[in-house]
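S.K.: Under the working numbering, the residues of the sequence shown are numbered 6 to 257, in order.
Got a structure for you, written out below as C-alpha cells; questions coming shortly.
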Amino acid sequence: MLLLLFLLCVMGYLVSRFRRGRGGWLFYGLAFVLFVASACGPLPAWLLTHLQAPYATRPAVTWAPRNAIVVLGVGTSRVAFTGQVNPTVFAGGRLAEGYTLYRACKQSGNDCKVIVTGGDPFRNGVTEAAAYGDVLLGMGVERNDLMLETRSMNTWQNAQFVQPMLTAYMPQRVVLVTSAVHMRRAQKYFEHFGIDALPVRADYEDARLTLFPMGWNMSLTEAALHEYVGVLTYYMYNAFGWNAPPSRYGAP
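Right, dumping it as C-alpha cells:
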C-alpha cells in the first residue's frame, strides 16, 4: 500500500513537472483518497470482510480414526540479549487453535497428529516449525503426535511439502489452521496439491473506523492486499503453466 501511494505521488510529480499542467493533482488526489480510506478504516474493513467472512464461524469437526491438524507458520522473532527464537505475536492464535483442536481430537479417542509447517525465512537460526513445536509440546501435545515440516519458505511450499507427510500418514480428516485473513489463499494452495482440508480459522482481524489515520488500519490494508495479490498470482501462474501440476492426492 505504501509503495502504491509513493508511486502515485511520483506520477503526480512527473506529470506536473514535465507536462506543466494540472494533471498531476489527479494523482496526488487519488493518493490522498487511498491514504484516508486505508488509514481511517473503510478500505481495510471492506477488503477483510470479503477475505474473512467465509471463515468467520468455526465448523464443528467430526473426528475420524486418523486425523491431521496442520498449523501454518507466520514467522519467528529473535529475543534481544538472550538469542532465543520465539514465535511472533501473530502466531498465538494459530498455536492456541491448533492445541484446542488437538485436545478435542484426543478426547474423542482417535489418532491425532499435529503438523507444524514453516522453515526459517527470517534467518533467525531456528525454523518456525521447531519454535512452534516447542510451544505445543509445552502446552501438552505428545511428542509422538507432533510432526515438523522445516523446509518451506512460503505458503505455497507449506502445502507442497506437507503433502508427502500426509501421504505417508494417510489421515481420513485433515484440518487446516491459519488466520482468517490468510485462509483463502492457503486453502487454494492446499487444494492445488490435492489436500481436502477443513478450514478452521484462528484469529480474525477487524479494522477500526476512525477520524484520524491509524497505522493499524494501514497494516491491515497491506495484509489484505498481499492475500489478494497472492490469489491472483496463483491464477496467473496457472494460466502460464508456471505452477507445479495439480496433484491428485486426497485423504481416503
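Each residue gets a CB set at the ideal place from its N, CA and C atoms; glycine is no exception.
Note that the structure is predicted; figures quoted are calculated from it, not measured.
1. Would you identify the three-state DSSP class for residue 227, choosing helix, strand or coil?
2. When the Cα atoms are used, what is the spatial distance from residue 192 to residue 102?
3. In the DSSP output, which residue or residues are listed as bridge partners for residue 91?
4. Which value, in whole angstroms, describes the spacing of the CA atoms of residue 48 and residue 187?
5. According to DSSP, which residues form a beta bridge with residue 117?
6. Give me the Cβ distance between residue 189 and residue 232, rounded to the nearest whole Å; I'm assuming they're in contact under 8 Å.
7. Does the contact criterion of 3 or more C-beta pairs under 8 Å hold for the region 222–232 versus the region 85–97?
8. Considering only DSSP beta bridges, list what residue 154 is partnered with.
9. Return the CA-CA distance between residue 111 and residue 146, expressed in angstroms with no decimal places.
10. Which word fits residue 58, buried or exposed, when buried means at least 16 other C-beta atoms lie within 10 angstroms of its C-beta?
11. Excluding sequence positions up to five away, which residues of its chain have a Cβ less than 6 Å from the Cβ of residue 258?
12. So, with DSSP's three-state summary, where would you put residue 64?
13. I need the DSSP call for residue 51, collapsed to helix, strand or coil.
14. In angstroms, rounded to a whole number, what distance separates the CA positions of residue 50 and residue 85?
15. Apart from the five residues just before and just after residue 63, which ones in its own chain have a Cβ nearer than 7 Å to its Cβ?
16. Please report how far the alpha carbon of residue 256 lies from the alpha carbon of residue 73, in whole angstroms.
17. Ordered along the chain, which non-local residues of its own chain (more than five positions away) have a Cβ less than 6 Å from that of residue 161?
18. Can you tell which of 217, 150, 129, 77 has the C-alpha that lies nearest to the C-alpha of residue 40?
19. Taking just the CA atoms, how far does residue 197 sit from residue 128?
20. Under the DSSP definition of a beta bridge, which residues are partnered with residue 178?
21. Report the rounded CA-to-CA distance for residue 44 versus residue 70, giving the unit in angstroms.
M.R.: For this structure:
1. helix
2. Taking the CA atoms as reference points, residue 192 sits about 17 Å from residue 102.
3. 82
4. 17 Å
5. 72
6. 7 Å
7. The region 222–232 is not in contact with the region 85–97.
8. 122
9. 10 Å
10. exposed
11. Only positions 6 to 257 of the chain appear in this structure, which leaves residue 258 out of reach.
12. The answer is coil: DSSP assigns residue 64 none of H, G, I, E or B.
13. helix
14. Looking at the two C-alpha atoms, the distance is approximately 34 Å.
15. 205, 206
16. With a pLDDT of 44 at residue 256, under the threshold of 50, the modelled position of that residue is not reliable, and no figure is offered here.
17. Contacts found: 194.
18. 217
19. 28 Å
20. 72
21. Approximately 48 Å, taken between the alpha carbons.
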